[in-house]
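Engineer: Last residue of the first sequence: 454 (the numbering used here), numbering continuous.
Dropping the structure in here first, questions after.
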Amino acid sequence: MTNVRTRFSPSPTGKLHIGGLRTALYNFLYARQQQGEFLLRIEDTDRTRLVPGAVDNIIQNLRWAGLTFDQEPVTQSERLPLYRRYAEQLLASGHAYRCTCTAERLESLRRDQEAKKLPMRYDGRCRALTGTPPAAAVPSVIRFAMPQLGTIACDDLIRGRILFNAATLDDQILVKTDGFPTYHLASVVDDHEMKITHVIRGEEWLPSMPKHILLYQALGWTPPTFAHLPLLLNPDRSKLSKRTGDVAVDEYREAGYLPEALLNFVALLGWNPGTEQEVFSLQDLIEKFSFERVNKSGAVFNRDKLDWINGWYLRHLPTDQLVALAHPVLQAAGLLKPSTPQDFVQRVVALEQSRLKRLGELPPLVQYFFDEPALDPAMLPWRSQTAADCKTTLLAIASLLEGLPNDRFTANELQIEVKKMMEERKWGNGETLWPLRVALSGRRASPGPFEILPVLGKTTAVARLKRAAQSLS
RNA sequence: GGCCCCAUCGUCUAGUGGCUAGGACACCACGCUUUCAAUGUGGGAACCCGGGUUCGAUUCCCGGUGGGGCUACCA
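This is the structure in structure tokens:
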């Protein structure tokens, strides 16, 4: 049994996107599960589409996600002689030929075929040319000489056997005029050279599988096992793309999604364990992943469920870990001063833990702890409560709080004291607690007053109650 | 146009000839509650269509339809 080797092979034409992350994840899971190796290969054979920083972005985000690869990344642009050598071999064996057709001729050929509603493919003009290859002075590409008869059987781990009619296959370009290989040649050569046992990639590659199989055969190699993953989809069911929302892993990271949550979510897009388990650690996924349970149909990327999973992870994080993650977020929002006590931040964050879906939504939720909140007097009275009654209540509680020693300024003690007062004065819950909470937070929605009070501290709390009472006159 | 893939609640999915078609997210209601969350309980919500095969099809076969992908000197 040969050692399993998988690879993730993005082209550096942009940031790592969510679909790439899932492809990388499945490659990673399978390799780890089989105690094989997971490799990274940079497919940068198209010099015109290179984006500066893309390689870094991809590597950085894979690292953030914890998908560690086992060797230094392989970069195709550094391996040109390798592809050249195999191209020559194909030329020599008659499996490939030079083509000097110009881009203009190909373009008009295509237009013509489209107009006549014919299959659009190379017409084989240069293939038919016998005799000496053109001189080096004439720009030429190298094309694969597809067999023109027969059926190519392709076995896919997820879809089973797929049959292609050779006559419908195009004479793919293998080497471009600039001497760089195309994807087809480069990936076949590299997967062989890197001893990749399982090619796990997106379904968009399914139509080129027969071409790749034929290439392996022409080079005298045994093809690896293929698995084509279902596509990730936009809400309109087209292939996931930038136009309907965020697709860069970066953007999710910045919005405050945890890598564990993103991975968990993306793992479930196209795969399921067959049980009712929804939450998986990476280790869980490694143990449970299997191609038999990968779906065939595309999956819509559903933000709501991602938010739910992320919220789940946030809620189940030990609070000190959540604080560590929240700190830079609050910092960036400008809420922290050098003098802000760590202990205070800890208590503030703890109050919102059950309410968070993303770290990024933390600053607006807790701002009132750091700055005096704007106050809308109309918001203070409870339902039909009069402004005068509301004011009386606030002032009474303010003086009650003022009279309390600092060591009794705890959630429990405060609750006991306030409830006692409510009972004595026959105040209802709504008429008391709603104005109290709004006066403290300035918000319609927030944690309860007895949770806020001890965090805010006596001085600030009393000041806010008095200010609120003032606003009612 | 050609080639290929796919088809269960709005979404992610379980299901592999006989089930009240299960779960999760979202949604709604109720409970807990001063609000918002969290949490508990309950609810509405699906087998694309037509032919076969079969005693019986969501499930198997064929054909439609629908959706998607590919069809570059891009990956």
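Just so you know, even glycine gets a beta-carbon here, dropped at the ideal spot from N, CA and C.
Between L138 and T203, is the Cβ-Cβ spacing less than 8 Å?
Structural biologist: Their beta carbons are not under 8 Å apart, which means L138 does not touch T203 by this criterion.
Engineer: Report yes if the CB atom of H297 is closer than 8 Å to the CB atom of V326, and no otherwise.
Structural biologist: In this structure, V326 does not lie closer than 8 Å to H297 by Cβ.
Engineer: Look up A280 in the DSSP assignment and say whether it is helix, strand or coil.
Structural biologist: If DSSP states are grouped into helix, strand and coil, A280 belongs with the strands.
Engineer: Residue ranges of each beta strand (DSSP E) run of no fewer than 3 residues wholly in the stretch -15 to 61, ordered along the chain?
Structural biologist: Listed in chain order, the complete beta strand (DSSP E) runs (minimum 3 residues) inside the stretch -15 to 61 are -14 to -11, 18 to 23.
Engineer: Does R182 pass the burial test, meaning 16 or more other C-beta atoms within 10 Å, or should it be called exposed?
Structural biologist: It counts as buried.
Engineer: So what does C80 bridge to, in DSSP terms?
Structural biologist: For C80, which the question treats as bridged, DSSP gives the partners V122.
Engineer: Could you tell me if L144 is buried or exposed, where buried requires 16 or more neighbouring beta carbons within 10 angstroms of its beta carbon?
Structural biologist: It counts as exposed.
Engineer: What's the call for A456, buried or exposed, on a 16-neighbour Cβ count within 10 Å?
Structural biologist: Shown here, the chain extends from -18 to 454; a query on residue 456 therefore has no answer.
Engineer: Taking C-alpha atoms, which residue in E18, G131, E333, G409 lies nearest to G429?
Structural biologist: The residue with the shortest Cα to Cα distance from G429 is E333.
Engineer: T29: which of F50, F161, D301 sits nearest, CA to CA?
Structural biologist: Among F50, F161, D301, the Cα nearest to that of T29 is on F161.
Engineer: Just to confirm the assignment: which complete beta strand (DSSP E) runs, minimum length 3, are found wholly within the stretch 374 to 407?
Structural biologist: Taking only runs of at least 3 residues, no beta strand (DSSP E) segment lies wholly in the stretch 374 to 407.
Engineer: Between Q348 and E88, what straight-line distance do the alpha-carbon atoms span, to the nearest angstrom?
Structural biologist: Taking the straight line from one Cα to the other gives about 60 Å.
Engineer: Return helix, strand or coil for I267, following the three-state DSSP convention.
Structural biologist: Helix at I267.
Engineer: Kindly indicate which residue of V122, L195, Y164, H179 has the alpha-carbon position closest to the one of L150.
Structural biologist: Cα-wise, what sits closest to L150 is L195.
Engineer: Leaving out the 5 sequence neighbours to the left and right, which residues in its chain are closer than 6 Å to G226 when beta-carbon positions are compared?
Structural biologist: Cβ neighbours of G226 beyond the five flanking positions: none.
Engineer: Cβ of G384 versus every heavy atom of the ligand MG: is any distance shorter than 7 Å?
Structural biologist: Questions concerning the ligand MG fall outside what the structure shown contains, since it holds no ligand whatsoever.
Engineer: Check whether the Cβ atoms of L375 and A449 sit closer than 8 Å, and answer yes or no.
Structural biologist: Cβ distance < 8 Å, so L375 and A449 count as in contact.
Engineer: Return the CA-CA distance between T440 and G411, expressed in angstroms with no decimal places.
Structural biologist: Whole-angstrom Cα-Cα distance: 24 Å.
Engineer: Could you check what DSSP says for W252 in three-state terms: helix, strand or coil?
Structural biologist: Strand.
Engineer: From Q153 to A5, what does the alpha carbon distance come to, in whole angstroms?
Structural biologist: Computed Cα separation, rounded: 27 Å.
Engineer: Which runs of the beta strand (DSSP E) at least 3 residues long sit entirely within the stretch 172 to 229? Give them in chain order.
Structural biologist: DSSP runs (the beta strand (DSSP E)) wholly in the stretch 172 to 229: 179 to 183, 206 to 210.
Engineer: Measure from the alpha carbon of L244 to the alpha carbon of each residue in R13, L43, R274, then state which is nearest.
Structural biologist: Minimum Cα distance to L244 is reached at L43.
Engineer: Out of Q41, K338, I23, I290, state which residue places its alpha-carbon closest to the alpha-carbon of A167.
Structural biologist: Checked all of Q41, K338, I23, I290; the closest Cα to A167 is I23.
Engineer: Roughly how many angstroms lie between the CA atoms of G0 and E69, to the nearest whole one?
Structural biologist: Cα-Cα distance, rounded: 35 Å.
Engineer: Rounded to the nearest angstrom, how far is the Cβ of A134 from that of H179, given a contact under 8 Å?
Structural biologist: Contact flag wrong, Cβ pair sits at about 18 Å.
Engineer: Can you give the Cα-Cα distance for G(-5) and L337, rounded to whole angstroms?
Structural biologist: Each residue's alpha carbon lies about 30 Å from the other.
Engineer: Taking 8 Å as the threshold (C-beta atoms), are V170 and V122 in contact?
Structural biologist: Going by C-beta atoms, V122 is not nearer than 8 Å to V170.
Engineer: With respect to the beta strand (DSSP E) encompassing A355, which residues constitute its N-terminal and C-terminal limits?
Structural biologist: Per DSSP, A355 belongs to no beta strand (DSSP E) and is neither H nor E.
Engineer: Output yes or no for whether 8 Å exceeds the beta carbon distance between F431 and A392.
Structural biologist: Yes. Within cutoff.
Engineer: Go ahead and pull the three-state DSSP assignment for G292.
Structural biologist: Here G292 sits in helix by DSSP.
Engineer: Is T132 helix, strand or coil when you go by DSSP?
Structural biologist: Strand, per DSSP.
Engineer: Return the CA-CA distance between L317 and M360, expressed in angstroms with no decimal places.
Structural biologist: Each residue's Cα considered, the two are about 28 Å apart.
Engineer: Tell me the DSSP bridge mates of P162?
Structural biologist: V156, per the DSSP bridge assignment.
Engineer: In this structure, how does DSSP classify I143 when only helix, strand and coil are distinguished?
Structural biologist: Strand at I143.
Engineer: Kindly indicate the opening and closing residues of the alpha helix (DSSP H) around E412.
Structural biologist: Looking at the DSSP string, the run of the alpha helix (DSSP H) that includes E412 is 410 to 422.
Engineer: Buried or exposed, going by whether 16 or more other CB atoms sit within 10 Å of the CB of S74?
Structural biologist: Classification of S74: exposed, given that the 10 Å Cβ count is below 16.
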